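Per our numbering, the sequence shown starts with residue 1, numbered consecutively.
C-beta atoms are modelled at their ideal positions from N, C-alpha and C, and glycine is treated no differently.
These figures come from a predicted structure and were not determined experimentally.
The structure appears right after this line, and notes come after that.
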Amino acid sequence: MNPSDKLIVALDTPSLAEAEKWVKELSSLVKIFKVGKELFTTAGPDAVRMVHAHQCRVFLDLKFHDIPNTVASACEAATRLGVFMMNVHALGGKNMLINAVQAIHKTSAEKNVPAPKLLGVTVLTSLTDRDLKEVGISKKVDQEVEKLAVLVQQSGLDGVVASGQDIGLIRKAAGEKFLIVTPGVRPMWAAHGDQKRIITPKEAMGRGADYIVVGRPITQDKNPSEAAQKILNEMAGN
């Protein structure tokens with residue numbers, strides 16, 4: 001798989017028109033775009049359809065976290081939209097995770113469409129040990145990530161969303177076939193923003209990430225295509 005198949009560009013904007021501008025400019029370089037809460041809340045399924053219209057795939061980043069039946073219904077709806085990848089919060093528990101997996105495979109079989117890759121969100125890349133303690137989690141970040149990654153794998157999901165700093169421990173706990181999607185990726189020349197546990201594209205690929213997610217360093221650059229190409233080059237080790 002070449003770097004252009006591993007780079008996911010985050011469409012973090014409330015404007016469908018702006019998101020489409022980025023997709024049009026980048027679709028010759030990038031094949032997967034992330035539709036998150038901000039864009040989906042504004043544009044809904046039209047955001048997914050827009051990306052598909054440009055022959056690209058969607059990572060639907062809505063991080064479902066609710067009672068099992070509600071999450072299962074949301075996963076069914078996302079599967080009908082034809083998204084390539086989606087996620088749920090691992091802290092929703094094993095019953096919720098299993099229900100999500102079952103809903104996706106049931107719907108994909110009924111609709112004769114590919115089942116989306118389903119990921120569990122472990123610990124957000126903006127959180128630290130102190131943040132976890134404040135919400136009643138006594139484990140350190142790396143311990144919590146490892147525990148949740150194992151739970152996600154045992155529940156039948158395809159992989160996790162996790163910081164690049166946690167790739168090694170997840171690989172050790174869950175094996176090489178377990179998908180790892182790494183957000184919070186920042187090239188050395190970009191601002192870190194609100195991400196605390198960051199990693200560069202080269203480091204992420206070297207540690208074994210299957211996909212990396214990059215937003216502002218590309219979309220907020222004066223030349224998004226040039227920024228994307230620089231990141232692809234870095235991913236390739238150039």
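Item: Label Glu144 either buried or exposed according to how many other C-beta atoms from any shown protein chain fall within 10 Å of its C-beta, with 16 as the threshold for buried.; Value: buried
Item: Asn87 bridges to which residues according to DSSP?; Value: Leu119
Item: Starting from Lys34 and walking both ways along the beta strand (DSSP E), at which residues does that stretch end?; Value: 32-36
Item: Taking buried to mean at least 16 other C-beta atoms within 10 Å of its own C-beta, is Ile67 buried or exposed?; Value: exposed
Item: Given a cut-off of 8 Å on the beta-carbon distance, is the pair Lys117 and Phe84 in contact?; Value: yes
Item: From which residue to which residue does the beta strand (DSSP E) around Leu62 run?; Value: 57-64
Item: Check this for me: beta carbons of Val160 and Ala173, under 8 Å apart or not?; Value: no
Item: Hey, Val9 and Val214 are a contact pair by Cβ (cut 8 Å); roughly how many whole angstroms apart?; Value: 6 Å
Item: Mind checking which residues open and close the alpha helix (DSSP H) that includes Leu148?; Value: 141-154
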